[in-house]
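Below is one structure; the comments refer to it alone.
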Amino acid sequence: MPELPEVETVRRGLEQMVLGATIQEVTAPYPKIINGDLNNFCQLLRGRKILSIDRRGKYLLFNLSGELSLISHLRMEGKYFVKLSDEPVEKHTHVIFSLTDGRQLRYNDVRKFGRMELVPTAQKFEFAGIKKLGPEPTEDTFLVKAFFDSLCKKKKAIKTALLDQTLVAGLGNIYADEVLWLSRIHPETPACHLTQDETKLLHDNIIKELAEAVEAGGTTIRTYTDAFQHTGSFQFDLHVYGKKGKPCERCGTAIKKIVVGQRGTHFCPLCQKVE
DNA sequence: ACGATTGTTGGTCC
DNA sequence: AGGACCAACAATCG
1035 MPELPEVETV RRGLEQMVLG ATIQEVTAPY PKIINGDLNN FCQLLRGRKI
1085 LSIDRRGKYL LFNLSGELSL ISHLRMEGKY FVKLSDEPVE KHTHVIFSLT
1135 DGRQLRYNDV RKFGRMELVP TAQKFEFAGI KKLGPEPTED TFLVKAFFDS
1185 LCKKKKAIKT ALLDQTLVAG LGNIYADEVL WLSRIHPETP ACHLTQDETK
1235 LLHDNIIKEL AEAVEAGGTT IRTYTDAFQH TGSFQFDLHV YGKKGKPCER
1285 CGTAIKKIVV GQRGTHFCPL CQKVE
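To convert, count from 1 in the first sequence and add 1034; that's the numbering used here.
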């Protein structure tokens, strides 16, 4: 559920709380979260200072002193909390970074799907998952022409194409459904069938929607909170996600829920035309 | 009570 | 090459 807006909100919170902090010790009660050797991970982090925190797609990148970066993906339910060391550790806390100032950065993840890994800072964008990412959804980097050219070559459903992070980075199941509703495009439309006008509209809606969701602090559907444990408010701006059976805000037709590419997909059967 | 559902990435298989 | 499918998990929903 953390898609780009949620990850960006987490990043901003962490930036406020732990920028400049130094890691004293790392423990991992559930070591599977960490890719690579656990002892190596803990030892390498000791004494490093958090210099900056980036985001690329849905990945968080902690840039540390000594040219080392920690790449972290929250997957479904990963969360970061910052607490005083003597505060009781929450259930489902899997990695604890003790800081030299008496606080702890805690990674919490009910479903244990999240992963983190250390890479040399110079190679952070070469990391497997990040290397494959398409452009960030901003005017400067996400270009309509390239988007149209890629869609042209894809026979798969446009919804599936939006979730594949190589065309544009950051959309997940919720925002994919929303931008398709906004653009009046049926989620099962083969990507190669979109007209230039539809592609332009979809492109513009992706940029606008994700930016607005960031402004709202993300969407809290079930459990998402940022590093301050604050919920987002964009769930109040959703039009189709989770609205099965409710009237479409544009035409009053009941919103349908189907499965597209093994993902729950919400749309209006009247104003999102097929093909 | 218990099976289905939830969503992201990466791996496998074809 | 790239698409189809599944696994990694645990909680919640019906």
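All residues carry an ideal CB built from backbone N, CA and C; glycine is no exception.
**Request:** Take lysine 1290 and list the residues in its own chain whose beta-carbon comes closer than 8 Å to its own, dropping the five residues that flank it on each side.
**Result:** Lys1278, His1300, Phe1301, Cys1302 and Pro1303
**Asked** How is the alpha helix (DSSP H) around glutamate 1243 delimited, first residue to last?
**Response** That run of the alpha helix (DSSP H) goes 1230 to 1249.
**Prompt:** Considering only C-alpha positions, which residue in the set Ala1250, Glu1121, Leu1236 and Met1150 is nearest to phenylalanine 1310?
**Reply:** Any answer about residue 1310 is impossible in this case: the structure gives the chain only from 1035 up to 1309.
**Prompt:** So, using beta-carbon positions, are alanine 1017 and leucine 1235 closer together than 9 Å?
**Reply:** Any question about residue 1017 goes unanswered here, given that the chain covers just 1035 to 1309.
**Prompt:** Which whole-angstrom value is the C-beta distance of proline 1039 and valine 1248, which I expect to be below 8 Å?
**Reply:** 5 Å
**Request:** Return the residue from the list Phe1262, Lys1307, Leu1095 and Asn1142 that minimises the CA-CA distance to glutamine 1157.
**Result:** Of all alpha-carbon atoms in Phe1262, Lys1307, Leu1095 and Asn1142, the one lying nearest the alpha-carbon of glutamine 1157 is that of Leu1095.
**Message:** Quick check on the burial criterion: 16 or more other C-beta atoms within 10 angstroms. Buried or exposed for alanine 1162?
**Reply:** exposed
**Contacts around proline 1171, its chain only, beta-carbon distance under 6 Å, and the 5 residues preceding and following it disregarded** = Val1202, Gly1204, Ile1240, Ile1241 and Leu1244
**Message:** Here's the rule: buried if 16 or more other CB atoms are within 10 angstroms of the residue's CB, otherwise exposed. What is phenylalanine 1131?
**Reply:** buried
**Message:** Buried or exposed for aspartate 1071, going by 16 or more other Cβ atoms inside 10 Å?
**Reply:** exposed
**Distance, asparagine 1074 Cα to lysine 1193 Cα** = So the alpha carbons of these two residues sit roughly 40 Å apart.
**Asked** Would the beta-carbon of glycine 1155 fall within 9 Å of that of serine 1103?
**Response** A small fix is needed here, since residue 1155 is threonine in this sequence, not glycine. Yes.
**Cβ neighbour criterion (16 or more within 10 Å) applied to glutamate 1042** = buried
**Request:** Could you tell me which uninterrupted alpha helix (DSSP H) segments, each at least 4 residues in length, are contained entirely in the region 1122 to 1201, listed from first to last along the chain?
**Result:** 1162 to 1165, 1178 to 1186 and 1192 to 1197
**Request:** Starting from phenylalanine 1270, follow the alpha helix (DSSP H) in both directions and report where the run begins and ends.
**Result:** No alpha helix (DSSP H) contains phenylalanine 1270, which DSSP labels as neither H nor E.
**Message:** Am I right that leucine 1053 and tyrosine 1114 are in contact with their C-beta atoms under 8 Å? What's the rounded C-beta distance?
**Reply:** Actually they do not touch by this definition, with Cβ atoms about 13 Å apart.
**Item:** Collapsed DSSP secondary structure at phenylalanine 1262 in the structure displayed
**Value:** coil
**Request:** Over the uninterrupted alpha helix (DSSP H) stretch that includes isoleucine 1087, give me the two end residues.
**Result:** Where isoleucine 1087 is concerned, there is no enclosing alpha helix (DSSP H), although the beta strand (DSSP E) it sits in stretches over 1084 to 1090.
**Message:** Quick check: what's the CA-CA separation for leucine 1365 versus tyrosine 1141?
**Reply:** In the structure as shown, the chain starts at 1035 and stops at 1309, and residue 1365 therefore has no counterpart that could be examined.
**Message:** With a threshold of 7 Å on Cβ separation, who are the neighbours of arginine 1145 within its own chain once the five nearest residues in sequence on each side are excluded?
**Reply:** Closer than 7 Å at Cβ, skipping near neighbours: Met1110 and Glu1111.
**Asked** Between the Cα of methionine 1035 and the Cα atoms of Val1308, Thr1257, Leu1272 and Lys1307, which residue gives the shortest distance?
**Response** Thr1257
**Request:** Going by DSSP, name the residue or residues bridged to leucine 1277.
**Result:** Per the sequence presented here, residue 1277 reads as lysine, with leucine not at that position. For lysine 1277, which the question treats as bridged, DSSP gives no partner whatsoever.
**Item:** Sequence-distant residues of its chain with Cβ nearer than 6 Å to asparagine 1207 (five each side left out)
**Value:** Arg1297
**Asked** From glycine 1266 to threonine 1259, what distance separates their C-alpha atoms?
**Response** 7 Å
**Rounded distance between the beta-carbons of aspartate 1211 and tyrosine 1275, thought under 8 Å** = 5 Å
**Message:** Going by C-alpha to C-alpha distance, which of Asp1143, Ile1219 and Thr1254 sits closest to histidine 1237?
**Reply:** Ile1219
**Message:** Let me check you understand the geometry: is the CB of proline 1303 closer than 8 Å to at least one non-hydrogen atom of the ligand ZN?
**Reply:** In the structure on display, the ligand ZN does not appear, and there are no ligands present to speak of.
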